[in-house]
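J.: Here it is, the structure, as structure tokens.
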Amino acid sequence: MLLSLTTYSQVVEKSEPIIYNDENNVINSPVEHTGKVVRVEASDFTINSTFNLKDCQVIFVGGSVLNNSTFVMENCNIKISDVDFLQNNEVTIDGGELEVDGSEWTTYNLFKLSGDLIIDSYGWQMHFINDQVEFAPTIVWEEYDFSCMDNKQFINENASLPMPFEDIPSCDDDLPVELIYFSSELTNFGTELYWATATEINSDYFDVEFSLDNNNWVTISRIEAAGFSNVKINYNYLDSEYRSGVGYYRLRQVDFDGEYEYFGPIQVHFYDESTLLKASVYPVPQYAGQHINVRVNNNNPYEIVIFNEVGQIVHHSNSDKQVTKISSTWGRGMFILHVIQGSQKSIVKFQLL
45 MLLSLTTYSQ VVEKSEPIIY NDENNVINSP VEHTGKVVRV EASDFTINST
95 FNLKDCQVIF VGGSVLNNST FVMENCNIKI SDVDFLQNNE VTIDGGELEV
145 DGSEWTTYNL FKLSGDLIID SYGWQMHFIN DQVEFAPTIV WEEYDFSCMD
195 NKQFINENAS LPMPFEDIPS CDDDLPVELI YFSSELTNFG TELYWATATE
245 INSDYFDVEF SLDNNNWVTI SRIEAAGFSN VKINYNYLDS EYRSGVGYYR
295 LRQVDFDGEY EYFGPIQVHF YDESTLLKAS VYPVPQYAGQ HINVRVNNNN
345 PYEIVIFNEV GQIVHHSNSD KQVTKISSTW GRGMFILHVI QGSQKSIVKF
395 QLL
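With the working numbering applied, the sequence shown corresponds to residues 45 to 397, in that order.
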């Protein structure tokens, strides 16, 4: 969401941005900015004094903010993405707009939201510990998807309406990831792993782990997760390492805060070279309209599916012959042959001229 500046837009647009990075990340004396663009991109931003912003556009990106004194943002448009806030003293946000995306705030003293403030949060984790939390009834909380809030009893009573506190779940109640399935398929390229999630909250990545004995595990890949989602997301990983005998796979799902859980394991019986299904097409390249021959390396029945370049099925049949002749009536181009035999699949690309 793009932040829209209102009464102070011209002042902000003309001002040079003030940037706090790892070179000026500690505030030990009072700071005040008015009508400025303030960007905090330090990995650790520490406020040991007063830090006051008024009529500003404020952007926090990554890292963490440690507040040991007074932090005030008045009538500012604020965007906070993937930032951890540890507040030991007073934090006040008075009016303006606040957009929070995937951030975690732990508050130990005063946390105050007041004025005509509009909040739009996505994955905002609020942990209130021994606090005084003041939310003014004038606040409008427009969006709060995947946000959570602990210890709501610290919030002042007059904030109960029209704030959506009852609709925001406790952080401890949220399951980070709801897995739909985790499965495997042996192909002539290796072992294909598939999994899907129904929801994800605070999900950073998946480690794909392998074991020969279901006891000693090694990480063979890391797959980036969606972070926050309430729709089905499909994942896959191809383990192209040649393996024989029996092996095991599992997923280690890790949150942004380092918490993790395991899914699996699933057991896989790898094929020996002598029993691995292999398919081929000849002659190649062939001319469109002519016959092609599909050959397999055993006498067992199998299924033939041929796709064109855009994924459409142009041929589907079954055979129990080692060599099957097929008339290519699909025009020119690249095609993909899938030969399926039980739980095995062999995939071959070929061209028609």
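Cβ atoms here follow ideal geometry from the backbone N, Cα and C, with glycine treated the same way.
Cα-Cα, which of P329, E253 and A323 is closest to V450?
T.: Outside the shown range of the chain, which is 45 to 397, sits residue 450, and nothing can be said about it.
J.: E244 to S147, Cα distance in whole Å?
T.: Their backbone Cα atoms lie some 15 Å apart in a straight line.
J.: Just tell me which of S93, I183, N258 and H359 has its CA closest to the CA of I137.
T.: Checked all of S93, I183, N258 and H359; the closest Cα to I137 is I183.
J.: Do V325 and V392 have their beta-carbon atoms positioned less than 7 Å apart in this structure?
T.: Yes. Within cutoff.
J.: Check for me: the beta strand (DSSP E) holding Y326 runs from which residue to which?
T.: Here the beta strand (DSSP E) through Y326 covers A323 to Y326.
J.: Are the beta-carbon atoms of L157 and F179 separated by less than 7 Å?
T.: In contact: L157 and F179 (Cβ atoms closer than 7 Å).
J.: Give me, in chain order, the residues of the same chain whose beta-carbon lies closer than 8 Å to that of L397; leave out the 5 immediate sequence neighbours on both sides.
T.: If we look at L397 and ignore the five residues flanking it on each side, its Cβ neighbours are P329, Q330, Y331, A332 and R376.
J.: Please tell me whether, using a cut-off of 6 Å, the distance from the CB of S191 to the nearest non-hydrogen atom of the ligand SAH is below it.
T.: As presented, the structure is devoid of all ligands, the ligand SAH included, so that no description of it is given.
J.: Identify the residues that DSSP records as bridge partners of P379: which are they?
T.: Looking at the sequence shown, residue 379 is not Pro but Phe. According to DSSP, F379 bridges with F394.
J.: Could you check what DSSP says for N111 in three-state terms: helix, strand or coil?
T.: N111: strand per DSSP, three-state reduction.
J.: Less than 6 Å between C-beta atoms, sequence neighbours within five positions excluded: which residues of the same chain meet that for T90?
T.: The answer, listed in chain order, is V70 and L110.
J.: Report the option in E85, T114, S93 and K123 whose CA atom is closest to the CA atom of C100.
T.: Taking only the C-alpha atoms, the option nearest C100 is K123.
J.: For A269, is the classification buried or exposed, using 16 other Cβ atoms within 10 angstroms of its Cβ as the cut-off for buried?
T.: A269 is buried by the Cβ-count criterion.
J.: Going by beta-carbon coordinates alone, are F307 and F190 separated by less than 7 Å?
T.: No. Outside cutoff.
J.: How close, in whole Å, do the beta carbons of G234 and L256 come, if the pair is a contact with beta carbons under 8 Å?
T.: In fact, because the Cβ distance is near 16 Å, the residues do not count as touching under 8 Å.
J.: Under DSSP, the beta strand (DSSP E) around L237 begins and ends at which residues?
T.: G234 to E244 is the span of the beta strand (DSSP E), which, as asked, contains L237.
J.: To which residues does DSSP link T403 through a beta bridge?
T.: Only positions 45 to 397 of the chain appear in this structure, which leaves residue 403 out of reach.
J.: Just verifying my parser: in three-state terms, what is the DSSP assignment at Y292?
T.: Three-state DSSP puts Y292 in a strand.
J.: Tell me the rounded alpha-carbon separation between Q385 and L295.
T.: Going by the C-alpha atoms only, they are around 28 Å apart.
J.: Report the residue from D194, S113, N343 and E347 whose alpha carbon sits nearest the alpha carbon of P74.
T.: Of the candidates D194, S113, N343 and E347, the one whose C-alpha sits nearest the C-alpha of P74 is S113.
J.: To test your reading of the DSSP string, which unbroken beta strand (DSSP E) runs of 3 or more residues are found completely within the stretch 119-151?
T.: Runs of the beta strand (DSSP E) inside the stretch 119-151: 128-131, 134-145 and 148-151.
J.: Can you grab the Cα-Cα spacing for the pair L97 / S165, in whole Å?
T.: For L97 and S165, the distance between alpha carbons rounds to 21 Å.
J.: If you follow the beta strand (DSSP E) that N343 is in, where does it begin and where does it stop?
T.: Counting along the chain, N343 falls outside any beta strand (DSSP E), and DSSP gives it neither H nor E.
J.: Find the nearest neighbour of E85 within the set D211, N342 and E67, judged by alpha-carbon distance.
T.: When each option's Cα is compared against that of E85, the closest is E67.
J.: Can you list, in chain order, the residues of its chain with a C-beta nearer than 8 Å to that of V56? Leave out the 5 residues immediately preceding and following it.
T.: With a pLDDT of only 43 at V56, under the threshold of 50, the placement of this residue in the model should not be trusted; the figure read from the coordinates follows. The answer, listed in chain order, is L49, G79, K80, V81, D99, C100 and Q101.
J.: In whole angstroms, what separates the C-alpha of Y238 from that of F250?
T.: Using only the alpha carbons, I get a separation of about 12 Å.
J.: Three Cβ pairs or more, each shorter than 8 Å: is that satisfied between the stretch 347-366 and the stretch 278-293?
T.: Counting Cβ pairs under 8 Å, fewer than three are found: no touch.
J.: For T263, which three-state DSSP category applies?
T.: In this structure, T263 counts as strand in the three-state DSSP scheme.
J.: Quick one: Cα of I370 to Cα of P345, how far?
T.: Rounded to whole angstroms, I370 to P345 spans 16 Å at the Cα level.
J.: Using only CA atoms, which one of N121, V177 and D248 lies nearest to N202?
T.: The option with the nearest alpha carbon to N202 is V177.
J.: From what residue to what residue does the beta strand (DSSP E) around W185 run?
T.: Element bounds for W185: V184 to D189.
J.: Rounded to whole angstroms, what is the Cα-Cα separation between V275 and I224?
T.: The alpha-carbon atoms of V275 and I224 are separated by roughly 11 Å.
J.: Start and end of the beta strand (DSSP E) containing L222?
T.: Residue identity check: residue 222 is Glu in the sequence provided, not Leu. Taken as a continuous stretch (DSSP letters only), the beta strand (DSSP E) holding E222 covers V221 to T231.
J.: For K322, which residues of its own chain have a beta-carbon under 8 Å away from its beta-carbon, when the five flanking residues on both sides are left out?
T.: N232, V340, N341 and S390, listed in sequence order.
J.: Considering Cα atoms alone, identify which of G355, S284 and N258 is closest to Q311.
T.: Measuring from the Cα of Q311, the nearest candidate turns out to be N258.
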